[in-house]
Every structure is written in structure tokens, then in C-alpha cells.
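A.B. asks: Let me give you the structure first, and then I'll get to my questions.
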Amino acid sequence: MGLDQSLIGRSYPPSEVYEVSRAKITEFADAVGDTSPLSRDAGAARAAGYPDLIAPPTFLTIVNLGAIDELVSDPDLGLDYDRMVHGDQSFVHERPVHAGDRLEVTTHVDSIFARAGNDFLTLRAEIHTDSGELVCTGRAQLVVRGEQ
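Residues 1 to 148 in full-length UniProt numbering are what the sequence shown spells out, letter by letter.
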């Protein structure tokens with residue numbers, strides 16, 4: 001049974017607010033080997049014109065994963081999580097994420113199609129501050145492997 005294509009265009013309500021902290025930025029920078037002082041030294045970040053520590057560009061994967069988890073658990077979609085793999089992900093940043101940001105994610109189903117017995121699901125995540133400023137648009141493609 002394939003994914004329900006009638007869900008193309010569906011939008012999910014904004015996620016709970018994710019509060020970006022200095023500790024989370026530094027922890028993520030450590031995990032990905034980012035040694036930039038802008039992610040570790042608030043004084044250096046302020047001297048460079050930022051209000052606080054800035055997050056490495058892929059930090060928003062953390063925020064985006066929660067939104068993807070909510071979507072894949074939607075029973076209307078019919079997605080078998082055991083057969084899902086992550087196919088692709090990209091981010092278009094409007095500005096760097098910094099400590100003190102309070103972010104929400106609104107997820108949209110942009111496309112669903114089948115190819116070679118597999119289902120492909122393309123998601124768009126609009127990541128805003130809780131005051132409505134667009135910070136980043138993320139895209140992810142999930143692949144649901146066909147039954148063998």
C-alpha cells in the first residue's frame with residue numbers, strides 16, 4: 001500500500017517552541033566538529049555583529065527532526081517507519097540561528113510519488129521565530145522502500 005497522495009499540500013500545525021540555548025549550540029558544535037568561535041564565545045559572536053552565539057548551519061536538523069517525527073506518525077499518511085530512509089535534506093537560511101531564538105516549525109507535504117516500487121515524500125519545513133520571522137526553509141526527502 002503506497003502513501004496517500006491526497007495529502008499533497010497538507011500543512012501541519014506549528015511545532016512547540018524550541019528554545020535555542022548557548023549550551024545546545026556548543027553541544028551541537030562539539031558533535032559536528034565545528035570549532036568556530038562564533039559558536040563558542042559570545043564575545044566573539046557579538047564582535048562579529050551577532051546578538052549571541054550562532055548555531056552551525058546544520059543545527060536546525062534538531063528542530064526539523066521533531067516535525068518530521070510528527071508527520072511520519074500521522075496515520076492518514078500510511079507511512080511504514082520501519083521501511084523509511086532519509087533521502088536528502090537541504091536548508092535555505094534567511095539569517096543565522098542564535099542563542100535566545102525561540103523557533104517553531106510548520107511542516108508541509110510538497111510531493112508524494114512512487115518510483116521503482118518505492119514511495120518518495122518531499123517535505124518543506126518553514127522555521128520561524130515565535131514572533132513570525134522566517135529564519136530558514138528546510139526540505140527533506142524521505143524514501144519508503146517497497147515491500148520485497
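Ideal placement from N, C-alpha and C gives every residue a C-beta, glycine not left out. Every value quoted in this text rests on a predicted model; they were computed, and no experiment measured them.
1) Please state the DSSP three-state secondary structure of residue 119.
2) With burial defined as no fewer than 16 other Cβ atoms inside 10 Å of the residue's Cβ, what is the status of residue 56: buried or exposed?
3) Could you please give the first and the last residue of the uninterrupted beta strand (DSSP E) stretch that includes residue 91?
4) With a 10 Å radius around its C-beta and 16 neighbouring C-beta atoms as the bar for buried, classify residue 35 as buried or exposed.
5) Could you tell me the boundaries of the beta strand (DSSP E) in which residue 137 lies?
6) Looking only at its chain, what residues have a beta carbon closer than 7 Å to the beta carbon of residue 136, apart from the 5 residues adjacent to it on each side?
7) Quick one: measure Cβ to Cβ for residue 53 and residue 47, integer angstroms, because I've assumed they're closer than 8 Å.
8) Measuring straight from C-alpha to C-alpha, what distance separates residue 71 and residue 29?
9) Could you check the C-alpha separation between residue 129 and residue 104 for me, to the nearest Å?
10) Using 8 Å as the cut-off, can you tell me whether the stretch 11-27 makes contact with the stretch 96-111, which would need three or more C-beta pairs spanning the two stretches below that distance?
11) What is the DSSP secondary structure of residue 103, reduced to helix, strand or coil?
12) If I measure Cβ to Cβ from residue 42 and keep anything under 8 Å in the same chain, skipping five residues before and after, which residues do I get?
13) Going by beta carbon distance, what residues of the same chain come within less than 6 Å of residue 37, once the five residues before and after it are set aside?
C.D. replies: In brief:
1) In the sequence shown, residue 119 corresponds to position 119, counting from 1. Of the three classes helix, strand and coil, the one that applies to residue 119 here is strand, per DSSP.
2) To locate residue 56, count along the sequence shown from 1; it is residue 56. Under this definition residue 56 is a buried residue.
3) Locating residue 91 in the sequence shown gives position 91, counting from the first residue. Per DSSP, residue 91 belongs to the beta strand (DSSP E) from 84-93.
4) For the purposes of this step, residue 35 is identified with residue 35 of the sequence shown, where counting begins at 1. Counting Cβ neighbours within 10 Å, residue 35 comes out exposed, since fewer than 16 surround it.
5) As a working note, residue 137 is residue 137 in the sequence shown. Counting along the chain, the beta strand (DSSP E) containing residue 137 begins and ends at 134-144.
6) Position 136 of the sequence shown, counted from the first residue, corresponds to residue 136. So the list reads 60, 91, 92, 93, 94, 127, once near-sequence residues are dropped.
7) Position 53 of the sequence shown holds residue 53. Position 47 of the sequence shown holds residue 47. Actually they are not in contact, since the Cβ atoms of residue 53 and residue 47 sit about 12 Å apart, beyond 8 Å.
8) Here the question's residue 71 lines up with position 71 in the sequence shown. Here the question's residue 29 lines up with position 29 in the sequence shown. Rounded to the nearest angstrom, the two C-alpha atoms are 27 Å apart.
9) Looking up residue 129 in the sequence shown gives position 129. Looking up residue 104 in the sequence shown gives position 104. Distance between the alpha carbons of residue 129 and residue 104: 6 Å.
10) Yes, since at least three Cβ pairs between the stretch 11-27 and the stretch 96-111 fall closer than 8 Å, the two stretches touch.
11) Mapped onto the sequence shown, residue 103 falls at position 103. Reduced to three states, the DSSP call for residue 103 is strand.
12) By one-based count along the sequence shown, residue 42 stands at place 42. Once the five neighbours on either side are set aside, the close Cβ partners of residue 42 are 22, 52, 53, 99.
13) The count along the sequence shown starts at 1 and reaches residue 37 at position 37. Hits under 6 Å: 44.
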